[in-house]
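As structure tokens, the structure follows; a few thoughts come after it.
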Amino acid sequence: MPPIVILGSSFAALTAVKKLRKSGYTDPLLLIASRPVLFYYPSLIWVPAGKRTEQNLTIPLENFFNRYKVTYQQATVTGLDPLARLVKTDNGEVTFDSLLIASGGRFIKKLPGIEHTYLPCSSYSDIQTYTDRLNDLSGGTLAFGFTTNPNEPAAVRGGPVFEFLFGIDTLLRQQGRRNRFRLVFFNPSTSPGQRLGEQAVTALLAQMARCGVETHLGHKMKGFAAGKVLTEGGEIESDLTMFMPGMTGPAWADVSGLPLSPGGFIQANEYCQVDGFNQIYVAGDAGTFPGPDWLPKQAHIADLQASAAVKNLLCERQKKPLKHRFKHELVCIVDSLNKGMLVYRDDKRVRLLPPSHMLHWAKVAFEYWYIRSYR
Ligand SMILES: Cc1cc2nc3c(=O)[nH]c(=O)nc-3n(C[C@H](O)[C@H](O)[C@H](O)COP(=O)(O)OP(=O)(O)OC[C@H]3O[C@@H](n4cnc5c(N)ncnc54)[C@H](O)[C@@H]3O)c2cc1C
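Just so you know, we're using the working numbering here: the sequence shown kicks off at 323 and counts up by one.
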């Protein structure tokens, strides 16, 4: 039986591998994931401008697995029996001693007509199709919006939608065809992006006004139809709609016997341990963690959670008390293709740096630095 099993091969899972090996853990490590790659989501925002390809964003992990002595099992997790300490997959069952769940979240695709929208968070092909459609349009209306999980308002991912909106505004200007497009931002809240702080919301709305982006705020979503966004406050004609629904937890979690949060995520305690389950931990988008209501679902915090989770997991294996908590921290560069605005938030303060070329290049440099360690 492999002593430690990790589910997923993305930010949280791979950080956990690194931290485990760094802390001197030398026993077998089994990682189960659907694909042996890291897909670098944050740079999807540069695909419409042709600055990134699928190959740039997909990092094969064979070398990393060899370097860190990870046994990889290609499989899709379908369930879990926490008492029998068994992970169920489409490729058989796997027993574990300690488990880290880092298999991410899902998007709630329940709004009627959602098939008429492009989801900027699923796969490269969605964004490539969006890009091809945008390139084919000679003019029209482009709509951008996001919502949250009604049962867990923190389960929202708005940052990338702002980035696509501002990036496409910049791109159309660079192409000399911005005047042929109407850009509309819609959101059920009157202050979208609240997790970034009031100051950031004001700055984002001011940037939309400067860029000539129309807003449709404060109206509950009804759904979509061909060429339309439907809200309780009226319809928006749209030739191309990008929409990020609210998030929920892994599908298999529903039948896992693990405690779930109101929004369907795996409920963790302050040590990233699944509430009430010894040696079962969760990190990243798969979980809900105690903390302030602005705690984001972000790669950065997934890394911090993974780090705390494995330290506690090792403590537990050595029969020591759990003591490691992750820092409540939001770090976000809202990029607009040639500039970036920095939002920083922790338990004490919110900081905002206005858009600058330097922050755009900082995001590019971070991408290079981050991906390099997995090559
Ligand atoms: C366009 C875009 C831009 C973003 N920008 C930023 C940013 O600038 N900064 C930032 O910090 N965050 C950003 N994010 C958010 C960030 O990408 C996520 O928060 C992060 O990917 C979460 O990491 P994770 O490890 O928890 O899960 P995920 O990245 O969702 O990974 C889940 C892993 O589990 C695997 N998996 C899933 N289901 C199963 C299953 N049933 N069986 C086996 N394996 C499974 C997947 O293949 C994957 O390897 C952005 C996201 C998007 C889409």
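By construction, the Cβ of each residue, glycine as well, lies at the ideal position given by its N, Cα and C atoms.
Bear in mind the structure is a predicted one, so any value in this text is a computation, not a measurement.
| Check | Outcome |
| --- | --- |
| Is Phe387 near ligand 1, in the sense that its beta carbon is under 7 Å from a heavy atom of that ligand? | no |
| Look at the alpha carbon of Phe387 and the alpha carbon of Ala528, and state the distance between them as a whole number of angstroms. | 46 Å |
| What first and last residue would you give for the alpha helix (DSSP H) that runs through Lys645? | Note, Lys645: premise wrong, no alpha helix (DSSP H); not H, not E. |
| Helix, strand or coil: which one does DSSP assign to His622? | helix |
| Compare the C-alpha of Ala628 against each of Pro643, Glu638, Pro614, Phe648 and name the closest. | Phe648 |
| Between the Cα of Lys435 and those of Pro475, Asp491, Ala548, Asp458, spot the shortest distance and give me the residue it belongs to. | The displayed chain sequence assigns Gly, not Lys, to residue 435. Per the Cα distances, Ala548. |
| Beta-carbon separation of Ala397 and Ile430 under 8 Å? | no |
| Compute the beta-carbon to beta-carbon distance between Val672 and Gly519, rounded to the nearest angstrom, for a pair I have assumed lies under 8 Å. | 4 Å |
| Take Tyr603 and list the residues in its own chain whose beta-carbon comes closer than 6 Å to its own, dropping the five residues that flank it on each side. | Leu422, Cys594, Gln595, Ala631, Leu635 |
| If we ignore side chains and look at the alpha-carbon of each, how far apart do Gly427 and Pro572 end up? | 5 Å |
| Can you tell me the Cα-Cα spacing of Val369 and Phe486, whole angstroms? | 10 Å |
| First and last residue of the alpha helix (DSSP H) that includes Pro482? | 481 to 496 |
| Return the CA-CA distance between His538 and Phe599, expressed in angstroms with no decimal places. | 45 Å |
| Are three or more beta carbon pairs between the segment 476 to 485 and the segment 440 to 456 nearer than 8 Å? | yes |
| Would you say Ala334 touches ligand 1, meaning its beta carbon is less than 7 Å from a heavy atom? | yes |
| Does DSSP put Tyr696 in a helix, a strand or coil? | coil |
| Which residue from Gly401, Ser420, Asp349, Pro510 puts its Cα closest to that of Thr393? | Asp349 |
| Compute the minimum distance between the beta carbon of Thr398 and the heavy atoms of ligand 3, and state whether it is under 7 Å. | Ligand 3 is not among the ligands present in this structure, which contains only ligand 1. |
| For Asp454 and Pro404, what's the separation of their Cα atoms in angstroms? | 45 Å |
| Give me the Cβ distance between Gly467 and Phe508, rounded to the nearest whole Å; I'm assuming they're in contact under 8 Å. | 4 Å |
| With DSSP as the reference, please indicate the residues paired to Thr297 in a beta bridge. | Since the displayed the chain opens at 323 and closes at 697, residue 297 lies outside it and no answer follows. |
| Using 8 Å as the threshold, is the segment 675 to 685 in touch with the segment 494 to 502, meaning 3 or more CB pairs across them? | no |
| Let me know the secondary structure DSSP gives Pro364 once reduced to three states. | helix |
| If you follow the alpha helix (DSSP H) that Glu384 is part of, which residue opens it and which one closes it? | 384 to 389 |
| As a quick exercise: from Lys341, Ala338, Tyr362, Ser331, pick the residue whose alpha carbon is nearest that of Tyr692. | Tyr362 |
| Could you check where the beta strand (DSSP E) with Glu557 kicks off and where it finishes? | 556 to 559 |
| Can you give me the C-alpha to C-alpha distance between Ser332 and His622, rounded to a whole angstrom? | 12 Å |
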